[in-house]
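Each residue of the sequence shown is one higher than the one before, starting from 1 at the first, in the numbering used here.
Data block below; observations after.
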Amino acid sequence: MSENNEIKELKEKLFLQRKNGCTRINDEELAACDKFCEGYKSFLDSSKTEREAVTSSVKLLESNGFVPFKKGMSLNAGDRVYTVNRGKAVIASIIGTAPIQEGTRICAAHIDSPRLDLKQNPVYEDNDIALFKTHYYGGIKKYQWTAIPLSLHGVIIKADGESITVCIGEDENDPVFCVTDLLPHLANEQMKRPLAQGIKGEELNIIIGSRPFKNTDESGAVKLNILNILFEKYGITEADFISAELEAVPAFKAKDIGFDRSMIGSYGHDDRVCAYPSLMAAIDCKAPVHTTITVLTDKEEIGSDGNTGLLSSYLKFFIYDIAEALGSDGRTVLSASECLSADVNAALDPTFPEVNERNNCAYINRGVVVTKFTGSRGKSGSSDASAEFTGRVRRLLDKENIIWQTGELGKVDEGGGGTVAAYIANLNVDTIDLGVPVLSMHAPYEIVSKLDTYMAYRAFLAFMND
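As structure tokens, this is what we get:
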């Protein structure tokens with residue numbers, strides 16, 4: 001053996017391998033990636049809000065043998081149950097063959113995404129144009145939300161308590177809505193603003209109409225016409241917006257990206273690109289040893305507060321109820337449990353590489369990302385998984401031949417961010433982040449790799465079955 005070959009073999013043995021995953025699998029598995037992602041694209045298009053994601057998830061769960069869980073019901077190995085929290089979060093569980101005292105396998109993803117929420121008194125008219133006032137939700141670059149087609153989703157609770165479901169702008173025959181921007185010819189002063197102030201929050205006003213009611217000369221005639229259209233269609237008045245949750249989201253459909261169709265462009269990859277694989281892993285997990293818990297939660301993008309976010313106790317209470325039904329207690333079960341916090345990480349963007357430290361960032365097509373810690377700067381807000389649990393996850397992924405990588409959210413002092421990992425770890429559960437790298441994260445149109453998405457599914461399924 002030549003000296004060069006010996007050095008090459010030694011490097012392969014000792015160096016951390018960083019290769020494009022597409023070169024590491026055969027055509028059959030690449031086809032499996034593509035097939036899996038067709039279902040994911042359908043899920044994206046039908047699940048643009050947390051409420052819609054819950055509805056889509058429940059349909060999939062019920063069609064695969066899951067039944068609603070009721071406190072006090074008897075449970076046996078193999079039972080498949082789910083529960084919905086206020087229409088905005090869902091938990092699915094499969095009872096394992098091992099005693100519940102040995103703990104559960106938890107996968108936790110979130111189904112809310114950055115968007116524009118309507119204010120409680122949103123409708124107004126200005127210069128013969130009717131508009132909605134909005135309050136943006138989550139971390140966005142505000143300028144990205146101008147001059148793109150928007151659809152309107154949500155619920156309106158009328159004065160008599162009736163609930164009206166709204167979805168306008170997704171059907172090809174629907175109208176869409178839009179936030180305007182200045183033409184460059186007249187934007188000299190606007191373009192002197194810092195980028196973060198290029199569009200201000202109170203400038204994210206959505207155009208909803210321009211024709212007056214029956215050509216009247218009365219003031220507010222355009223607003224009147226819009227409200228009359230809404231009254232005729234939904235039976236609502238302006239006061240009903242007070243008790244409504246309406247969200248403006250991009251009207252784009254999920255589409256393949258690239259000549260090779262290797263990626264998916266869509267709104268809402270963060271974090272439905274982890275929610276769907278974890279949901280499908282729960283569905284495809286047939287006879288787990290340990291009881292599985294899959295939670296698709298709300299409010300992560302604004303800190304996980306509220307009774308549908310994971311700072312609430314609804315997940316803990318569910319596990320307590322499962323433990324009680326199986327003759328144990330929640331404290332014992334949680335302390336023995338393990339969790340994959342299923343959330344995304346930032347993929348290195350070759351156009352903007354300077355924000356990443358190349359040895360410790362995620363790359364498109366290098367597989368699912370294991371993120372030991374998140375947080376900002378000095379790991380603020382991170383649970384920071386132990387070496388022992390990180391090692392356990394690493395061994396599992398290698399044993400199952402799952403393509404994976406590690407990642408951090410940017411350079412140390414660049415910024416950072418968080419997931420739900422800390423909130424589950426605070427329940428005394430071993431927790432680590434594992435998810436999909438995303439390009440253009442939090443933009444109205446994000447990009448992920450099909451291979452990475454499929455590897456996330458395989459990782460969640462392996463974890464549930466282990």
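Glycine included, each C-beta is placed from N, C-alpha and C at the ideal position.
- Between E300 and H153, the gap from beta carbon to beta carbon reaches 8 Å or more.
- Bounds of the alpha helix (DSSP H) holding A456 are 450-465.
- Per DSSP, reduced to three states, the secondary structure at T374 is coil, with no helix or strand assignment.
- Taking every protein chain shown into account, the CB of R395 has fewer than 16 other CB atoms within 10 angstroms, so this residue is exposed.
- With respect to the 8 Å criterion, I403 and R377 are not classified as neighbours on the basis of their beta carbons.
- The closest CA to that of C178, considering only S57, V249, R24, is found on V249.
- Collapsing the DSSP output to three states places T134 in a strand.
- The bridge partners DSSP lists for M263 are I257, S449.
- In the DSSP assignment, C33 falls outside any beta strand (DSSP E) and within the unbroken alpha helix (DSSP H) covering 27-46.
- Take the alpha-carbon of E12 and the one of T49: they are about 45 Å apart.
- In this structure, F66 and Y457 do not form a Cβ contact; the two beta carbons are roughly 18 Å apart against a cut-off of 8 Å.
- With a 10 Å radius around the Cβ and a threshold of 16 neighbouring Cβ atoms, I242 comes out exposed.
- In this chain, the beta strand (DSSP E) harbouring S341 covers 338-341.
- Secondary structure of L152 (DSSP, three-state): strand.
- Contact annotation: the segment 124-143 touches the segment 194-201, with at least three C-beta pairs closer than 8 Å.
- Note that the C-beta distance between V289 and T97 is below 8 Å.
- Between V166 and V155 the beta-carbon gap is near 7 Å, inside 8 Å, which marks them as a contact.
- For the alpha helix (DSSP H) assignment, the uninterrupted runs of no fewer than 4 residues enclosed by the segment 302-369 are, from N- to C-terminal side, 314-325, 330-335.
- For the pair A108 and D27, the Cα-to-Cα distance works out to about 31 Å.
- Counting of Cβ neighbours within 10 angstroms places K88 among the buried residues, the total reaching 16 or more.
- In the DSSP secondary-structure assignment, Q405 is bridged to V369.
- Note on geometry: alpha-carbon atoms of T294 and M280 lie some 10 Å from one another.
- In this structure, I322 lies away from I25, with their beta-carbon atoms at least 8 Å apart.
- DSSP lists no beta-bridge partner residue for P212.
- Three or more beta-carbon pairs separated by less than 8 Å link the segment 221-232 to the segment 203-212, which places the two stretches in contact.
- Separation of the CB atoms of Y454 and C33 is rounded to 4 Å, and the pair is thereby assigned contact status at 8 Å.
- Taking 8 Å as the upper bound for CB-CB distance, N360 and T419 are not in contact here, some 17 Å apart.
- The beta carbon of T431 sits closer than 7 Å to the beta carbons of C339, S341, S383, A385, A421, I424, A425 from its chain, once the five residues preceding and following it are set aside; these are given in chain order.
- Comparing C-alpha distances from P277 to each of K71, I95, T104, I111 shows the shortest one belongs to I111.
- In the three-state reduction of the DSSP assignment, G391 falls in the helix class, which pools H, G and I.
- For T180, DSSP assigns no beta-bridge partner whatsoever.
- Fully enclosed beta strand (DSSP E) runs of no fewer than 3 residues occupy 80-85, 89-94, 104-110 of the segment 62-114, in order along the chain.
- Going by beta carbons, V81 and S63 fall outside the 8 Å limit.
- For P250, the enclosing beta strand (DSSP E) begins and ends at 244-250.
- Collapsing the DSSP output to three states places D117 in a strand.
- Non-local beta-carbon contacts of R86 in its own chain, meaning distances under 8 Å to residues more than five positions away in sequence, involve N307, T308 in chain order.
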